[in-house]
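Chemist: Counting the sequence shown from 1 gives a position; the numbering used here is that position plus 6. By construction, the Cβ of each residue, glycine as well, lies at the ideal position given by its N, Cα and C atoms.
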Amino acid sequence: MTQRLVVTFTPDGTGHCLYSELIDLRSIGALACRRASHIEFDGASQQWQVLSPDRSQVLFQHHSRSTCGAWEQETLQPV
Numbered sequence: 007m008t009q010r011l012v013v014t015f016t017p018d019g020t021g022h023c024l025y026s027e028l029i030d031l032r033s034i035g036a037l038a039c040r041r042a043s044h045i046e047f048d049g050a051s052q053q054w055q056v057l058s059p060d061r062s063q064v065l066f067q068h069h070s071r072s073t074c075g076a077w078e079q080e081t082l083q084p085v
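(1) Could you check where the beta strand (DSSP E) with glutamate 27 kicks off and where it finishes?
(2) Taking DSSP as the reference, what is the three-state secondary structure of threonine 8?
(3) Looking at the secondary structure, which residues open and close the beta strand (DSSP E) in which leucine 82 lies?
(4) By Cβ distance below 8 Å, which residues in the same chain neighbour threonine 81 in space, the five residues on each side in sequence not counted?
(5) Just to confirm the assignment, what range does the beta strand (DSSP E) spanning aspartate 60 have?
(6) When the distance is taken between beta carbons, is glutamine 55 closer than 9 Å to cysteine 74?
(7) Following the continuous beta strand (DSSP E) through aspartate 48, name the residue where it begins and the one where it ends.
This is how it looks when you write it as C-alpha cells:
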C-alpha cells in the first residue's frame with residue numbers, strides 16, 4: 007500500500023491532516039492534535055472496530071486491526 011499524506015491549509019495558514027510520520031510535521035509549525043477515530047477490539051463481535059471520536063458510532067469493522075488502520079487512513083484522510 008502506498009502511503010500518502012494530504013495537508014490542507016486554511017486561509018489563516020492552519021494545516022489539517024491525519025497525523026503521519028511520513029514527514030516531520032513539526033518542521034512546518036507547532037502541532038495541535040485531536041483524535042479522528044479510535045480502533046478498539048469488540049469482544050462480542052470478535053472484530054476490531056473503528057469508532058467515531060466520541061465512540062458513539064462504529065465506522066468500520068474487520069477481524070484484522072491493520073485492515074482497520076488502513077481503512078482509517080484511506081477514508082479519513084482529507085481530499
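Modeler: According to the structure shown:
(1) Within the sequence shown, residue 27 is the residue found at index 21, counting from 1. No beta strand (DSSP E) contains glutamate 27, which DSSP labels as neither H nor E.
(2) Locating residue 8 in the sequence shown gives position 2, where the first residue counts as 1. Three-state DSSP puts threonine 8 in coil, outside helix and strand.
(3) Working through the sequence shown from its first residue, we reach residue 82 at position 76. From DSSP, leucine 82 is part of no beta strand (DSSP E) but of the alpha helix (DSSP H) over 71-82.
(4) Here the question's residue 81 lines up with position 75 in the sequence shown. The answer, listed in chain order, is Leu65, Phe66.
(5) As a first step, residue 60 is located in the sequence shown; it is residue number 54 there, counting from the start. Counting along the chain, aspartate 60 sits inside no beta strand (DSSP E), nor does DSSP assign it H or E at all.
(6) The count along the sequence shown starts at 1 and reaches residue 74 at position 68. The count along the sequence shown starts at 1 and reaches residue 55 at position 49. Result yes, Cβ atoms of cysteine 74 and glutamine 55 sit closer than 9 Å.
(7) On the sequence shown, position 42 is the one that residue 48 refers to. Segment 44-48, the beta strand (DSSP E) holding aspartate 48.
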